[in-house]
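If you're matching them up, the sequences are chains A and B in order.
Here the first sequence stands for residues 732 to 856, where the numbers follow my numbering.
Here the second sequence stands for residues 1189 to 1597, where the numbers follow my numbering.
Each residue gets a CB set at the ideal place from its N, CA and C atoms; glycine is no exception.
Predicted, not measured: the structure shown is a model, and the values here were computed from it.
I have placed the structure first, in the form of structure tokens, so that the comments after it can refer back to it.
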Amino acid sequence: MTRVLIADDSETILLLMRTRLEMEGYEVVTATDGVEVIELMQRNDEPPPDILLLDAMMPRKSGIDALRELRAAGVETPVLIVSAHQDEMDAGAATDVEVSGYITKPIDFDRLFACIADLTRPGPA
Amino acid sequence: MLTGLAVVGVARFLQQRQGYENATARSYQVEIAARNRLAEGARPSAARAAIVTQQHQRQALRDDIDGETRDTALLVGAGLIAGLTGAALLFSGLISSMRRPLEELVEASGRLAGGDLETRVKVGGLSETATLGAAFNEMAEELQRRAGERDQLETMKDEFVLTASHELRSPLTSVQGFAELLMLERDKLSSKQADTVEIILDNTRHLVRLLNDLLDLARSDAGRLTIKPAPTDVASLVEDAVRTMRSQTEASKQALRSEIEPGLPQVSVDRDRIRQVLVNLLTNAHEYSPEGASIGVTAVRRGAEVEMAVSDEGPGMAEDQLEHIFERFTRGDAGLTQHVGGTGLGLAISKSLVELHGGTIEADSEPGRGATFRIRLPALPAAAANGGADEPESGDMDGLLADRQEEAR
């Protein structure tokens, strides 16, 4: 089963995303900021997530900063950045790290599921 | 006698000292007074002699005065010449000492008017030009300060719109997301509940559109509306927009027909942005047209440009409405506002976007005869358009339906 890690500082949005993803048959792990994302990625007692959905702006550590750290540590898991709008992504200057894609809020779930399916398809992409 | 002479002497002295006419008048008065005194105090003979002497004296005085007049005229002339020369010298000095500061002021005014608010003049020279220079600098200072304040306000406004947009998006994401979640289980809802959720969804989507439009306008105002142009196939772009609208037009039993000239050149556009413009025009056409009406989309080549047009069978617009149609919060007919779901910002944004691409947008309409909106974009030279053989022909219904069903899944 495909494991998805979602990070957002809004509990409501985490609940929404978890519900929709679980309805689609995904296994979901949640985090409320970038620090938790890093901690979850360092745990060895659970299989690592197949894809990360990180909110661009979160307290303590933003999704983009967490992504930067993970990439520096050699983590190659696909990452989708979820953001309120384009300006935020531009402002986050995520150009220096490899991002698999962007999802804007409000979330178009059909598009999100298509992206996840694309990025987690087994074999060469 | 002596006194009389003395008096005459004084009179002449006075005459020399004072202006010619004044002095002459005064000398006569003094002379008369002296003669009276002589007549009173002296013996008659002496008095007569004195009077005779006085008469001679007067004659002499007259001669003298004539000479005096000549002298004075000469003096005045010389004085005038000297004065004028002096004045001329002084004046030319004045002019040359004023010219530089004035020229500098004129140049500085030009720079200031041209927008260089940091421009200042050197204050110096004559006190008048120095005062003028100081006043100019004061004015420039004030202008710069106000421009700074205005820029600061603009920045604050932009930041506010961005922040507001971000803050509103989170709750809207939840509202829309959970309403969609409910709609996924529509069969478990009563029809009244389902309708209610539908209304929530419609309004949420409207709010999101409004938010996106406001954000675009704020970006446009700040000069930050950016596009990422790439060679784009016109046919697929138009079909993409048509596909997005299909479910809405079908719900109103409107016929949405596209007619795309085969072999159109590519255009260099930000695909998402031009698609946004087309969807906006199609949304207007859909919302203003009655049920069962036809909406047409065409794409044709016009010289070095590609023209995309959207026409509807709506109420149309009079000329005075057409003039303002690309302004913010302007709608063709205010009375229709109730039924129309647009934000009133779509056409203003569309215009900004099309112009950002180096294109033009125009509207053509008559009351009762529908409206046509035309976008013209510069065509890419044929060499840049590689391939493009996979253009769908007009009205590829099967493909569109298949796509739509996939989307709706």
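Where residue i sits in the DSSP three-state scheme
i	result
SER1358 (chain B)	helix
ALA1323 (chain B)	helix
ASP786 (chain A)	strand
PRO837 (chain A)	coil
PRO1555 (chain B)	coil
THR761 (chain A)	strand
LEU747 (chain A)	helix
ARG1407 (chain B)	helix
ILE847 (chain A)	helix
THR1420 (chain B)	strand
SER1456 (chain B)	strand
ASP740 (chain A)	coil
VAL1349 (chain B)	helix
ARG734 (chain A)	strand
ARG852 (chain A)	coil
ASP1390 (chain B)	helix
ALA1335 (chain B)	helix
PHE1366 (chain B)	helix
THR1343 (chain B)	helix
ASP776 (chain A)	coil
HIS1512 (chain B)	coil
LYS1166 (chain B)	This structure does not reach residue 1166 (chain B), given that chain B is present from 1189 up to 1597, and the question cannot be answered.
PHE1517 (chain B)	coil
VAL806 (chain A)	coil
ASP1298 (chain B)	The sequence as given places Gly at residue 1298 (chain B); Asp does not occur at that position. The answer is helix: DSSP assigns GLY1298 (chain B) an H, G or I state.
ALA1506 (chain B)	coil
SER1315 (chain B)	helix
ARG791 (chain A)	coil
ARG1537 (chain B)	Checking the displayed sequence, the identity of residue 1537 (chain B) turns out to be Ile instead of Arg. Of the three classes helix, strand and coil, the one that applies to ILE1537 (chain B) here is helix, per DSSP.
VAL1430 (chain B)	helix
Interface residues of chain A facing residue i [CB-CB closer than 7 Å]
i	result
SER1362 (chain B)	THR743, ILE744 and LEU747
Burial state of residue i, where buried means 16 or more other Cβ atoms lie within 10 Å
i	result
LYS1539 (chain B)	buried
VAL1541 (chain B)	Reading off the sequence, residue 1541 (chain B) comes out as Leu, not Val. By the neighbour-count rule (16 or more Cβ atoms within 10 Å), LEU1541 (chain B) is buried.
MET748 (chain A)	buried
GLY1207 (chain B)	Unreliable placement is indicated for GLY1207 (chain B), whose pLDDT of 48 sits below 50; no coordinate value is reported for it.
ASN775 (chain A)	exposed
MET1496 (chain B)	buried
ARG1431 (chain B)	buried
ASP796 (chain A)	buried
MET1344 (chain B)	exposed
LEU1376 (chain B)	For clarity, residue 1376 (chain B) is Lys in the given sequence; the question names Leu instead. It is exposed - the Cβ of LYS1376 (chain B) has fewer than 16 other Cβ atoms within 10 Å.
GLN773 (chain A)	exposed
HIS1545 (chain B)	buried
THR1317 (chain B)	buried
SER1315 (chain B)	exposed
MET1505 (chain B)	buried
THR1319 (chain B)	exposed
ARG1564 (chain B)	buried
GLN1526 (chain B)	Residue placement at GLN1526 (chain B) is flagged as unreliable, the pLDDT there being 43, under the threshold of 50; the coordinate-derived value follows with that caveat. Looking at its Cβ environment, which holds fewer than 16 other Cβ atoms inside 10 Å, GLN1526 (chain B) is exposed.
THR1361 (chain B)	buried
ALA1261 (chain B)	exposed
Residues sharing a beta bridge with residue i, DSSP
i	result
THR1548 (chain B)	B:ARG1564
SER1446 (chain B)	B:VAL1485
MET754 (chain A)	According to DSSP, MET754 (chain A) bridges with nothing at all.
MET1496 (chain B)	B:ALA1487 and B:ILE1563
GLY832 (chain A)	A:LEU811
Within chain B, the residues that residue i reaches when beta carbons sit closer than 8 Å
i	result
PRO837 (chain A)	ARG1357, LEU1360, THR1361, GLN1364, GLY1365, THR1392 and VAL1396
Chain B residues whose Cβ lies nearer than 9 Å to that of residue i
i	result
ARG751 (chain A)	GLY1365, GLU1368, LEU1369 and LEU1372
Within-8 Å CB hit, residue i to chain C
i	result
PRO837 (chain A)	Absent here is chain C; the protein component of the structure consists of chains A and B.
ask   = Is the segment 1419-1426 of chain B touching the segment 1376-1384 of chain B in the sense that three or more CB pairs, one from each, lie closer than 8 Å?
value = no
At least 3 beta-carbon pairs within less than 8 Å: the segment 1460-1476 of chain B vs the segment 1429-1445 of chain B = yes
task = State whether the segment 1285-1303 of chain B contacts the segment 1262-1270 of chain B, with contact taken as three or more CB pairs (one from each stretch) at a distance under 8 Å.
result = no
task = Mind the definition here: the segment 1355-1368 of chain B touches the segment 1327-1335 of chain B only if three or more C-beta pairs lie below 8 Å; say whether that holds.
result = no
task = Could you tell me whether the segment 789-806 of chain A touches the segment 1321-1329 of chain B, where touching means 3 or more Cβ pairs closer than 8 Å?
result = no
query = Okay, do the segment 1404-1422 of chain B and the segment 1453-1463 of chain B touch, 3+ Cβ pairs below 8 Å being the bar?
reply = yes
request  = Could you tell me whether the segment 799-807 of chain A touches the segment 749-763 of chain A, where touching means 3 or more Cβ pairs closer than 8 Å?
outcome  = no
request  = Taking 8 Å as the threshold, find out whether the segment 1477-1489 of chain B comes into contact with the segment 1438-1450 of chain B through three or more Cβ pairs.
outcome  = yes
request  = Pair every Cβ in the segment 1542-1561 of chain B with every Cβ in the segment 1483-1502 of chain B, then say whether three or more of these pairs are closer than 8 Å.
outcome  = yes
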